[in-house]
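Below is one structure, written out as structure tokens; the observations come after it.
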Amino acid sequence: MKVKVLCFGITRDILGAFENTIELPEGANVLDLKNQLMQTYSDFHKLSSLQIAVNEEYGDDKQILTEKDEVVLIPPVSGG
Amino acid sequence: MIMSENHINILLTEEVLSLPNCQAFVEEPMVGGIVHFVGTVRNQTKGKTVERLDFEAYKPMAISEMTKIAQQALEKFGVTKIAMHHRIGVLEIGEIPVIIAISSPHRMAAFEACQYCIDTLKETVPIWKKEIFEDGEVWVSATP
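Sequences listed follow chains A and B, in order. Residues in the first sequence are numbered from 30 upward in steps of one, following this note's numbering. Residues in the second sequence are numbered from 955 upward in steps of one, following this note's numbering.
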């Protein structure tokens, strides 16, 4: 399946674009996406943390992704 | 569950933030004190001169996370009203990226709730800032 992934902060610099389409096996979960990103882009190993938001909520590693989800990469936040 | 709709004011904007607007929102006859936290852009980090900051946000989620924090603070500390405003875009030294205003019948709850709100905002709200130096730029906290 093709999942649309939006990237903020340093993750946009790593992937090179705000909006990306990532090919994942059917039934892939949040952890699968993280692992695939780590394998494809070695710079992800440098981050202090990486969270994935699914439909505007922090997703846990076991959450299953679908093509309809809004998936967003959340590197360490630094508001305030 | 506290009826929070009229007790919380969240703003995420590219415009200059207004302390008087935050103050006006939290004023109530029943309160005995108002605490403000005003964040400002500092001119250096770890001894290096910062020229400006560039903030961006995942807007819908930033607003929902800020709302959650304010709701938690109302319930946890029993304060009366909370305004939480955050600016995005390019900010120069001395400008204000964040204001939190909290009113309460008693001051201690307002101080504690204010600390809780700013500390939690910095941990969970999807907002990012880039420090811009004379010779480059860095996403704050991205790497250890």
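Ideal placement from N, C-alpha and C gives every residue a C-beta, glycine not left out.
- DSSP places Asn-963/B inside the beta strand (DSSP E), whose first and last residues are 962-967.
- Per DSSP, the continuous beta strand (DSSP E) segment holding Gln-80/A begins and ends at 80-83.
- In the three-state DSSP reduction, Asp-1008/B falls in the strand class (E or B).
- Apart from sequence neighbours up to five positions away, the residues of its chain that approach Ala-82/A with a beta-carbon distance below 7 Å are Gly-88, Val-101, Ile-103, ordered along the chain.
- If the five residues before and after Asn-997/B are omitted, its C-beta is found closer than 7 Å to the C-beta atoms of Thr-1003, Val-1004, Ile-1047, all from its own chain and listed in chain order.
- With a 10 Å radius around the Cβ and a threshold of 16 neighbouring Cβ atoms, Phe-47/A comes out exposed.
- Val-989/B has its alpha-carbon roughly 9 Å from the corresponding atom of Ala-1067/B.
- Nearest in C-alpha terms to Glu-55/A, of all of Glu-85/A, Leu-76/A, Gln-92/A, is Gln-92/A.
- Within the DSSP secondary-structure output, Leu-1045/B pairs in a beta bridge with Leu-1007/B.
- The beta carbons of Gly-38/A and Trp-1093/B sit about 5 Å from each other, so the pair counts as a contact at 8 Å.
- At a C-beta separation below 8 Å, Lys-1076/B has these neighbours in chain A: Val-106, Ser-107, Gly-108, Gly-109.
- Val-101, Ile-103, Pro-104, Pro-105, Val-106: these are the residues of the region 90-106 of chain A whose beta carbon lies less than 8 Å from some beta carbon of chain B, given in chain order.
- Phe-979/B has a beta carbon lying at 9 Å or more from every beta carbon in chain A.
- Distance from the CA of Met-1015/B to the CA of Pro-105/A, rounded to the nearest whole angstrom, comes to 15 Å.
- Assignment of beta-bridge partners to Val-34/A by DSSP yields Asn-49/A, Val-100/A.
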